[in-house]
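Trainee:
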Amino acid sequence: MNKENSFFVGWKDDMPKANRSLLIKFIVVLFISIPLLTFLIVKSQKPFNNHIFEFGNVKEFTGIYHADPVPILEVTDNKIPEGFSNYVLLVGFGKFGAEGIISNIEKSSGPLNGLKVTLQGTLIYGDGRYLMELTKKEDSLIKIFDEPTVANTHLYDRKKDGYSGEILDPKCYFGVMKPGEGKIHKSCAIRCISGGIPPVFRANIENGQYEYFLLLGPNGEKINKAILNDVAELVTIDGETSIINGWPVLYANPSDIIRINKKSYYAQD
Amino acid sequence: MSVNYSPVLWNKQKKLYDLILWIGILFMAVTFIIFQVLFHKDITLQTLIIRTTAIIAFFLLHIILIIGPLCRIDKRFLPLLYNRRHLGVSMFLVALIHGGMAIVQFHTLGDTNPIASIFTANSNYLAISDFPFQVLGFLALIILFLMAITSHDFWLKNLSPAIWKGLHMCVYLAYTLIVIHVATGALQYEDNPIYWTLLVLGVITITGLHLYTGIIETRKLSLPHTLEKEGYYKVCSLEEIDDQCGKSVFINGENIAIFKYDGNVSAVHNVCKHQMGPIGEGKIIDGCITCPWHGYQYLPDNGQSPPPFNEKLKTYRTSVLDGSIWVHPLPLEEGSFIEPTKIPQS
Ligand code: HEM
Ligand code: FES
Numbered sequence: 010m011n012k013e014n015s016f017f018v019g020w021k022d023d024m025p026k027a028n029r030s031l032l033i034k035f036i037v038v039l040f041i042s043i044p045l046l047t048f049l050i051v052k053s054q055k056p057f058n059n060h061i062f063e064f065g066n067v068k069e070f071t072g073i074y075h076a077d078p079v080p081i082l083e084v085t086d087n088k089i090p091e092g093f094s095n096y097v098l099l100v101g102f103g104k105f106g107a108e109g110i111i112s113n114i115e116k117s118s119g120p121l122n123g124l125k126v127t128l129q130g131t132l133i134y135g136d137g138r139y140l141m142e143l144t145k146k147e148d149s150l151i152k153i154f155d156e157p158t159v160a161n162t163h164l165y166d167r168k169k170d171g172y173s174g175e176i177l178d179p180k181c182y183f184g185v186m187k188p189g190e191g192k193i194h195k196s197c198a199i200r201c202i203s204g205g206i207p208p209v210f211r212a213n214i215e216n217g218q219y220e221y222f223l224l225l226g227p228n229g230e231k232i233n234k235a236i237l238n239d240v241a242e243l244v245t246i247d248g249e250t251s252i253i254n255g256w257p258v259l260y261a262n263p264s265d266i267i268r269i270n271k272k273s274y275y276a277q278d
Numbered sequence: 082m083s084v085n086y087s088p089v090l091w092n093k094q095k096k097l098y099d100l101i102l103w104i105g106i107l108f109m110a111v112t113f114i115i116f117q118v119l120f121h122k123d124i125t126l127q128t129l130i131i132r133t134t135a136i137i138a139f140f141l142l143h144i145i146l147i148i149g150p151l152c153r154i155d156k157r158f159l160p161l162l163y164n165r166r167h168l169g170v171s172m173f174l175v176a177l178i179h180g181g182m183a184i185v186q187f188h189t190l191g192d193t194n195p196i197a198s199i200f201t202a203n204s205n206y207l208a209i210s211d212f213p214f215q216v217l218g219f220l221a222l223i224i225l226f227l228m229a230i231t232s233h234d235f236w237l238k239n240l241s242p243a244i245w246k247g248l249h250m251c252v253y254l255a256y257t258l259i260v261i262h263v264a265t266g267a268l269q270y271e272d273n274p275i276y277w278t279l280l281v282l283g284v285i286t287i288t289g290l291h292l293y294t295g296i297i298e299t300r301k302l303s304l305p306h307t308l309e310k311e312g313y314y315k316v317c318s319l320e321e322i323d324d325q326c327g328k329s330v331f332i333n334g335e336n337i338a339i340f341k342y343d344g345n346v347s348a349v350h351n352v353c354k355h356q357m358g359p360i361g362e363g364k365i366i367d368g369c370i371t372c373p374w375h376g377y378q379y380l381p382d383n384g385q386s387p388p389p390f391n392e393k394l395k396t397y398r399t400s401v402l403d404g405s406i407w408v409h410p411l412p413l414e415e416g417s418f419i420e421p422t423k424i425p426q427s
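These protein sequences, in sequence, are chains W and E. Per this note's numbering, the first sequence starts with residue 10, numbered consecutively. Per this note's numbering, the second sequence starts with residue 82, numbered consecutively.
And the structure:
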C-alpha cells in the first residue's frame, strides 16, 4: 500500500521511495524555475547610469579653489577630459560635505579662496560633471602655489526660472551608488544632504536632457535641512538661476518646492 | 533549573537537506549575478550584494511558507517540513547580509547613528508610496532573528511549545512586513509591471494554499458524529482507518487522534508536545504513535513517550460497536493508562 510506504520519519536514515520520487520532482522544478525567475527579474530592471566612482584610486589635481557658492576646484591643469566641465565640486569623506575639511585645513594654511592649489582625492563623474571626494581629509591639500588670489569667475545675472525634476545628493548620483536617485536611495540622499553635501537639483530640460543646479536659498544661503523631506521626489521649483564658478545655481525658497505626483507629471509630456 | 532536550542528530537526511538547500542558494546567487553583470554592467558591488541576497531571502521565505500547506495536501512533502528550521535559519542569514549591507551602504558614515537613521532619515510615516520602507525590513529582520535564535529544541522546551509556536507564527507578520517593504521600496522605483505581477502572484500562492488547506481541514475535522451513547460518540467505521494508522476528529471541542493497531483501538490528544504537530496523521512504528512532523513517539495506551523521554499526552476512552469506532471526548489526565479496546474478530 502506498500509504504504508510513504510514512517518513525524520530521525531514520532512509526515506521511503514514494517521498523521494515526489521530492526529486519538486527540487527539479525549483532548480529549473530559479534561473527563469532571476532572468526575468534582472531583465526587467531599470538600467543604471554609467557614472563612475574611482574607489581606491586617489589622484592629484591643480587649479583655483573657490569657496563660492560651495567648495569648487576650477581645474587648470587640463586633466579633465573633453565633454566635462572643469569646475570640480568638492565633497567630503562618507556622507559629509567638504566644508568641514576645508575649514580645518584653513586653520593652519589660512584662507584658500581664490588661491591656486593642488588637491588629492577620489574622482566621481558622469553626464558632463566632475566631483572629487577629499578622501584623505585634512591631508587632501598637497600644495599652495605662491600666486595672487584669483577672483570668482563667470558671475552671471540672476533671472527668474522654474523647472520640474528631482533633488539629488550629487555624490551618490554622479557615481558612488547605483541607483543614486529615487525612492530606493531616498534615505541615503537625506543623510548626505543633511551631512552638508550640496543638494543638486536635476532639472528636466527637454528630450530626456538634464541640467544640474546647485540648490541654494534666495540669498545664497544653505537650505540643506529645510528641503530634506522633498529629496528624491518629483518636484517643481520656481526661483532664480545664475552660474557661479562654472556651476548653474538655482536660488529658491523652500516653500516654492512643490511635489507633483508621477502621473500628473507624465500627463504633461 | 534543569532542562532536558533530546539532542538533534545529524543524520544522512539532514546533511542531504542542507546540501541541496545551499546548492540551491548558491545556484540562485550565481544565476542572478551572471545576469546582472551581463545586462547591467554598471551595477556596483554593494547593489549586487543587496539585491542578490534580497531576492534569495524573499524566495526562500515563499518556499518556507508553502511547505506547511503542501504537506497537508500531500504527506509525501513531509520531509521538507522535518528540517524546515534549517531553511528558516539559512533564510535569516541571507536576509541579514541584505539588511546589514543596506544599513552600511545607506546609513553609515553620516551625521546620525545608522540604526536611528533607518527610522528618521525618511520620516514620512503617514504617506503610502513615500513610506519609510526600510523600517519595515528592519522590523521583519528582528522577527526573523528572534525565530532563528530560538529555533533549537532547547528553546522550545524553555519557552513552552505554546509560546514558541506563537513566536514562530510571527513569520506571517514578517512576511507581511516584507511584502510592504518591497511594495513601498523597490517597486516605487522600478516601473516594469512584471514586479507587481510577481509580488501579487507570490501573495496569492501563499494565501491561496493556506485558505485551501484550512477549508479542507475544518471540513475533515467537523465530520458529523451525531450518534452519541452514554457519552461516547461514533467516529467512523473500523475499515476507514488503515492498520497502524490514525484519524483526527474534533468532538465537543476536543482534538482527538484515534489509532488502530494490532487488533486494538486507542485514542490520545491530537496535539504533539513538540511543536503541536497533528498526531492523528502519524503512524504506529515499533509499537509507538509517531508524530508525522518530527517523529516524536508516544505509547498508544497511556500517551507517554517511551523512556528516556517524558512527554505525556491526554488519553481518551474508546469502544467498538457493530463495526464502528466510538470515543468518549472527556480526556483523562496526561499519561493515564487506558486498556486498549480489542477489535472483535468476526
Ligand atoms: C535592516 C533591514 C533591512 C533594510 C535596511 C533593507 C533595505 C532595503 C533596501 C534599501 C532595498 C532597496 C535596494 C535596491 O533595490 O537597490 C531593499 C529591497 C528589498 N528588500 Fe530589504 N531591507 C531590510 C530587510 C529585508 C528583509 C528581512 C527582507 C526579507 C527577505 C528584505 C527583502 C527585500 C527585497 C525582496 C527587496 C527588493 C529587491 C531589491 O530591490 O533588492 N529586506 N531593502
Ligand atoms: S510536532 Fe515535532 S514531532 Fe510532533
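By construction, the Cβ of each residue, glycine as well, lies at the ideal position given by its N, Cα and C atoms.
Along chain W, in chain order, which residues have C-beta atoms closer than 7 Å to that of R157(E)?
Mentor: Stepping through the second sequence from its first residue, residue 157(E) is reached at position 76. What R157(E) touches in chain W: S15, A27, N28 and L31.
Trainee: Flag this pair as yes or no: are the beta carbons of M182(E) and I130(E) separated by less than 7 Å?
Mentor: On the second sequence, residue 182(E) is found 101 positions in, with the first residue counted as 1. On the second sequence, residue 130(E) is found 49 positions in, with the first residue counted as 1. In this structure, I130(E) lies closer than 7 Å to M182(E) by Cβ.
Trainee: Whole angstroms are fine: how far does the CA of G229(W) sit from the CA of M109(E)?
Mentor: Within the second sequence, numbered from 1, the residue matching residue 109(E) stands at position 28. Within the first sequence, numbered from 1, the residue matching residue 229(W) stands at position 220. Using only the alpha carbons, I get a separation of about 51 Å.
Trainee: May I ask which residues mark the beginning and end of the beta strand (DSSP E) holding M141(W)?
Mentor: Locating residue 141(W) in the first sequence gives position 132, counting from the first residue. Where M141(W) is concerned, the enclosing beta strand (DSSP E) stretches over R138 to E142.
Trainee: Is there a Cβ from chain W that is less than 7 Å from the Cβ of L126(E)?
Mentor: Walking along the second sequence from the start, residue 126(E) turns up at place 45. It does not; no Cβ of chain W falls within 7 Å.
Trainee: Nearest by alpha-carbon distance to R29(W): which of R157(E), I147(E) and I322(E) is it?
Mentor: The residue you call residue 29(W) lines up with position 20 of the first sequence. Residue R157(E) is the option with its Cα nearest to R29(W).
Trainee: Whose CA, out of V185(W), P56(W) and E215(W), lies closest to the CA of L119(E)?
Mentor: Position 38 of the second sequence, counted from the start, is the residue given in the question as residue 119(E). Checking every option, the nearest Cα to that of L119(E) belongs to P56(W).
Trainee: Apply the 10 Å Cβ neighbour rule to M250(E) and answer buried if 16 or more other Cβ atoms are within range, or exposed otherwise.
Mentor: Translated into positions along the second sequence, residue 250(E) becomes position 169. By the 10 Å Cβ count, M250(E) comes out exposed.
Trainee: Would you please state the rounded distance, in angstroms, between the beta carbons of F64(W) and D86(W)? I believe it to be under 8 Å.
Mentor: As a first step, residue 64(W) is located in the first sequence; it is residue number 55 there, counting from the start. As a first step, residue 86(W) is located in the first sequence; it is residue number 77 there, counting from the start. About 23 Å; that fails the 8 Å criterion.
Trainee: Classify S112(W): buried if its beta carbon has 16 or more other beta carbons within 10 angstroms, exposed otherwise.
Mentor: Here the question's residue 112(W) lines up with position 103 in the first sequence. By the 10 Å Cβ count, S112(W) comes out exposed.
Trainee: Anything in chain W within Cβ reach of Y342(E), meaning under 7 Å, just list it in chain order.
Mentor: Here residue 342(E) refers to the residue found at position 261 when the second sequence is read from its first residue. Under the 7 Å cutoff, chain W gives no residues; its nearest Cβ is about 13 Å from Y342(E).
Trainee: Do you know how far the Cα of S204(E) is from the Cα of I202(W)?
Mentor: Walking along the first sequence from the start, residue 202(W) turns up at place 193. Walking along the second sequence from the start, residue 204(E) turns up at place 123. One C-alpha to the other measures close to 15 Å.
Trainee: Could you name the residues of the same chain whose beta carbon sits closer than 7 Å to that of K152(W), not counting the 5 residues immediately before and after it, in chain order?
Mentor: Numbered from its first residue, the first sequence carries residue 152(W) at position 143. So the qualifying residues of the chain are V126 and T127.
Trainee: In the DSSP assignment, find the unbroken alpha helix (DSSP H) run with I148(E) in it and report its ends.
Mentor: As a position in the second sequence, residue 148(E) is number 67, starting the count at 1. First-last of the alpha helix (DSSP H) with I148(E): L126 to I154.
Trainee: Can you pull the chain W neighbours of Y163(E), defined as C-beta to C-beta under 8 Å?
Mentor: Taking the second sequence and counting its residues from 1, one reaches residue 163(E) at position 82. Under the 8 Å cutoff, chain W gives F17 and G19.
Trainee: So, is the C-beta of F48(W) closer than 7 Å to a C-beta in chain E?
Mentor: Along the first sequence, read from residue 1 onward, the residue named residue 48(W) stands at position 39. True, the Cβ-Cβ gap to chain E drops below 7 Å.
Trainee: What's the call for K423(E), buried or exposed, on a 16-neighbour Cβ count within 10 Å?
Mentor: Here residue 423(E) refers to the residue found at position 342 of the second sequence. K423(E) comes out exposed.
Trainee: In this structure, how does DSSP classify R398(E) when only helix, strand and coil are distinguished?
Mentor: As a first step, residue 398(E) must be located in the second sequence, where it is residue number 317. Coil.
Trainee: Quick one: is the Cβ of W20(W) within less than 6 Å of any heavy atom of ligand 2?
Mentor: Working through the first sequence from its first residue, we reach residue 20(W) at position 11. W20(W): no, Cβ never under 6 Å from ligand 2.
Trainee: When the distance is taken between beta carbons, is I110(W) closer than 7 Å to K146(W)?
Mentor: Within the first sequence, numbered from 1, the residue matching residue 146(W) stands at position 137. Within the first sequence, numbered from 1, the residue matching residue 110(W) stands at position 101. Result yes, Cβ atoms of K146(W) and I110(W) sit closer than 7 Å.
Trainee: Going by alpha carbons, who is nearest to K243(W) out of Y172(W), N262(W) and L98(W)?
Mentor: Residue 243(W) sits at position 234 when you count from the first residue of the first sequence. The amino acid at residue 243(W) is misidentified as Lys; the sequence shows Leu. Nearest C-alpha to L243(W): Y172(W).
Trainee: Measuring straight from C-alpha to C-alpha, what distance separates L82(W) and I209(E)?
Mentor: Residue numbering aside, residue 82(W) sits at position 73 when the first sequence is read from its first letter. Residue numbering aside, residue 209(E) sits at position 128 when the second sequence is read from its first letter. Rounded to the nearest angstrom, the two C-alpha atoms are 41 Å apart.
Trainee: Would the beta-carbon of T128(E) be found less than 6 Å away from any heavy atom of ligand 1?
Mentor: For the purposes of this step, residue 128(E) is identified with residue 47 of the second sequence, where counting begins at 1. Correct: T128(E) has its Cβ closer than 6 Å to ligand 1.
Trainee: Of all the CB atoms in chain E, is at least one closer than 7 Å to the CB of V51(W)?
Mentor: By 1-based counting over the first sequence, the position of residue 51(W) is 42. Cβ-Cβ to chain E under 7 Å: yes for V51(W).
Trainee: Excluding sequence positions up to five away, which residues of its chain have a Cβ less than 7 Å from the Cβ of P195(E)?
Mentor: The residue labelled residue 195(E) in the question sits at position 114 within the second sequence. So the list reads I184, H188 and T189, once near-sequence residues are dropped.
Trainee: Closer than 7 Å by C-beta to H289(W): which residues in its own chain qualify, once you throw out the five before and the five after it? Chain order, please.
Mentor: A query on residue 289(W) cannot be resolved here, the shown segment of chain W reaching from 10 to 278 and no further.
Trainee: Nearest by alpha-carbon distance to C326(E): which of G312(E), E335(E) and S347(E) is it?
Mentor: Working through the second sequence from its first residue, we reach residue 326(E) at position 245. Taking only the C-alpha atoms, the option nearest C326(E) is S347(E).
Trainee: Counting only the same chain and skipping the five closest in sequence on each side, list residues whose C-beta sits under 6 Å from that of G123(W).
Mentor: On the first sequence, residue 123(W) is found 114 positions in, with the first residue counted as 1. If we look at G123(W) and ignore the five residues flanking it on each side, its Cβ neighbours are T158 and V159.
Trainee: Would you say V240(W) touches ligand 1, meaning its beta carbon is less than 6 Å from a heavy atom?
Mentor: The residue labelled residue 240(W) in the question sits at position 231 within the first sequence. Answer for V240(W): no, Cβ out of range of ligand 1.
Trainee: Per DSSP, which one or two residues make a beta bridge with W256(W)?
Mentor: In the first sequence, residue 256(W) corresponds to position 247, counting from 1. I253(W), per the DSSP bridge assignment.
Trainee: What does a CB cutoff of less than 8 Å around D278(W) pick up in its chain, not counting 5 residues either side in sequence?
Mentor: In the first sequence, the residue the question calls residue 278(W) occupies position 269. Confidence at D278(W) is low in this model, with a pLDDT of 40, below 50, so the placement of that residue is unreliable and no value is reported for it.
Trainee: Please list the segments of the alpha helix (DSSP H) lying wholly inside the segment 236-267 of chain E, counting only runs of 4 or more residues, in order along the chain.
Mentor: Listed in chain order, they are 242-250 and 252-265.
Trainee: Run the CB neighbour count on T133(E), radius 10 Å, all protein chains shown included, and call it buried at 16 or more, exposed below.
Mentor: If you number the second sequence from 1, residue 133(E) lands on position 52. Label assigned to T133(E): buried.
Trainee: So the beta strand (DSSP E) F222(W) belongs to, where does it begin and stop?
Mentor: Taking the first sequence and counting its residues from 1, the one referred to as residue 222(W) is at position 213. Start and end: Y219 to L225.
Trainee: Going by DSSP, what residues sit across from Y270(E) in a beta bridge?
Mentor: Locating residue 270(E) in the second sequence gives position 189, where the first residue counts as 1. Bridge partners of Y270(E): none, in fact.
Trainee: Chain W beta carbons: is any one of them nearer than 7 Å to that of P160(E)?
Mentor: Counting from one through the second sequence, the residue named residue 160(E) turns up at place 79. Answer yes: the Cβ-Cβ gap between P160(E) and chain W drops below 7 Å somewhere.
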